[in-house]
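Down below is the structure, laid out as structure tokens.
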Amino acid sequence: MPRLQLSLACWDYDRTRALADGSVRPEGIDLVYQNLLVEETFFRMLRNREFDAAEMSLSSYCVSLMREEPAFVAIPVFPSRFFRHSCIFVSAKSGIREPKDLAGKKTGVPEYQMTAPVWIRGILQDEYGVDPASPEYWTGGEEEPGRDEKLELELPAKFRLRSIGPKQTLAQMIADGELDAMHTARTPSTFAARPGTVRRLFEDYVEVEKAYYRKTKIFPIMHTVVIRRELYEKNRWIALSLYKAFVQAQRRTYETLDTTMALTTMLPWQ
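With our numbering as the guide, the letters of the sequence shown map in order to residues 5 to 274.
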């Protein structure tokens, strides 16, 4: 039986590198691994279905399931997990000192459906009592103008969403005090470029995130892996084949991290 050629768009993670370099091969599949930044992968897959399989924003995948004909099937592979307390930024002009102060504030998000802000809203509600509908959300590009939602959203009227101007960026707006807060996956450039104008809500975020994990046992899932539904329906076996290959690649990474004769990363403790 000939092997099925299949394209996979995924970032360069240590736990997927064996798939990228071909040392792990999915059974029955000739995998064409395309190492792309996640934003590009998400946009191209959601808008144009450009790959057979792809890393995918978990929240955007959930949004896609609400369509009349859902375009993707996810497998239980989660290449990205991330604690997001570190990703809540506030303007020095906002007067925000603690989570409850976020209520009613102008809050920037690159996209409302973006997985990182979804987790942040949930954490703020569950752990600190901040109603997700209380802030006023402003969406748009973080460093470059013009970012839109990848999939159209239908939200209850109580959620207030606005778009920033066509030449504005969230990073500059929070530094200038035009936004009070920001939920994002990437640290805004103005956090370093304009010291004193932008800070993290949780300065001791590592300890806060550790405490969150001890309490909840949750390591937040950011991304999953999806297969185009029409391809899956014709070749259902590829879901298990891909899953097993991702597991095998991850195991190889664990073995590498267990090596003690020399460090395989630049981190002295791992």
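Just so you know, even glycine gets a beta-carbon here, dropped at the ideal spot from N, CA and C.
The three-state reading of DSSP puts Val81 in strand, counting E and B together. Remark: C-beta atoms of Arg88 and Ile127 approach each other more closely than 8 angstroms. Around the beta carbon of Arg125, a 10 Å sphere encloses 16 or more other beta carbons of the protein chains shown; the residue is thus reported as buried.
Remark: C-beta atoms of His187 and Ile92 approach each other more closely than 8 angstroms. Counting only the Cα atoms, Trp123 lies some 12 angstroms from Glu131. Non-local beta-carbon contacts of Phe223 in its own chain, meaning distances under 6 angstroms to residues more than five positions away in sequence, involve Arg85 in chain order.
Taking the Cα of Gly144 as reference, the smallest distance to any Cα among Val134, Pro136, Gln176 is reached at Gln176. In the DSSP assignment, Thr119 falls within the alpha helix (DSSP H) that extends over 119-132. Approximately 7 angstroms separates the beta-carbon atoms of Leu12 and Phe55; this is inside 8 angstroms, confirming the contact. Taking the C-beta atoms as reference points, Arg240 is found no nearer than 8 angstroms to Pro74.
When DSSP reads this structure, Ala96 sits in no beta bridge, so it has no partner. A distance below 8 angstroms separates the beta carbons of Val230 and Tyr65. In the DSSP assignment, Ser64 falls outside any beta strand (DSSP E) and lies within the alpha helix (DSSP H) extending over 62-68.
Apart from the 5 residues on each side of it in sequence, Ser98 sits with its Cβ closer than 6 angstroms to the Cβ of Asp184 in its chain, given in chain order. Secondary structure note for Leu261: it is in no beta strand (DSSP E), and the uninterrupted alpha helix (DSSP H) holding it is 241-261.
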